[in-house]
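For the record, in the sequence shown the residue sitting at position 35 is 352 according to our numbering, with numbers rising by one throughout.
Glycine included, C-beta positions come from ideal geometry on N, C-alpha and C.
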Amino acid sequence: MVLALVFTLLPVYAIADAVSVTGNDDTTDSQSIDIQDIVGKIQALIKGGDPNGELENLLKGLNIDTIVQILEKLGLDSNTAKQLLEKLKDMDMKTLYETLKQLLEDGSFNSKDIIDILKYLFGDSNGNIDTDKIIEILKGLIGGNGDIDT
């Protein structure tokens with residue numbers, strides 16, 4: 318009976334040991350593939366059109382970390398990122414506030430990128446926004462009152 322246990326558990330320990338030595342348990346690979354897959358879906362939906370609202374449904378299911386990773390992959394200056402930000406305009410103000418606050422706090426983007434996002438979300442058709450309005454919005458984000466709908 319002892320031999321049966323030894324030979325049954327030996328392969329399990331060998332696999333666990335191999336994972337601990339190599340550090341490859343496929344969790345990081347699958348996460349990066351998922352992000353790249355999402356970025357590909359977003360690009361395809363924007364380029365091919367989105368008559369069924371699939372893009373909005375895809376974005377609603379994402380958390381802040383995933384949105385940050387997607388924006389990093391797309392680049393803020395790309396047309397795709399701008400269209401993605403257009404969908405973010407439809408978020409309720411509390412969700413948008415939390416998203417922007419998280420971006421400021423964790424250092425995912427520098428202040429110029431945040432200002433570009435604010436210009437796009439709150440600016441006129443040319444992206445122009447009054448500097449005082451940007452300051453008010455940033456004070457609301459940093460102060461924590463969440464009042465960015467000014």
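Alpha helix (DSSP H) segment containing residue i, residue limits
i	result
Asn374	371 to 377
Alpha-carbon spacing of residue i relative to residue j, whole angstroms
i	j	result
Gln360	Leu372	10 angstroms
Phe439	Leu376	20 angstroms
Lys450	Glu422	20 angstroms
Glu389	Val356	10 angstroms
Ile363	Thr448	31 angstroms
Lys429	Gly378	27 angstroms
Ile384	Ile446	24 angstroms
Ile436	Gly457	First, the amino acid is wrong: residue 436 is Lys here, not Ile. For Lys436 and Gly457, the distance between alpha carbons rounds to 16 angstroms.
Ile452	Ile434	14 angstroms
Ile454	Gly365	34 angstroms
Three-state class that DSSP yields for residue i in the structure shown
i	result
Asp447	coil
Asp441	coil
Ile454	helix
Gly357	helix
Gly365	helix
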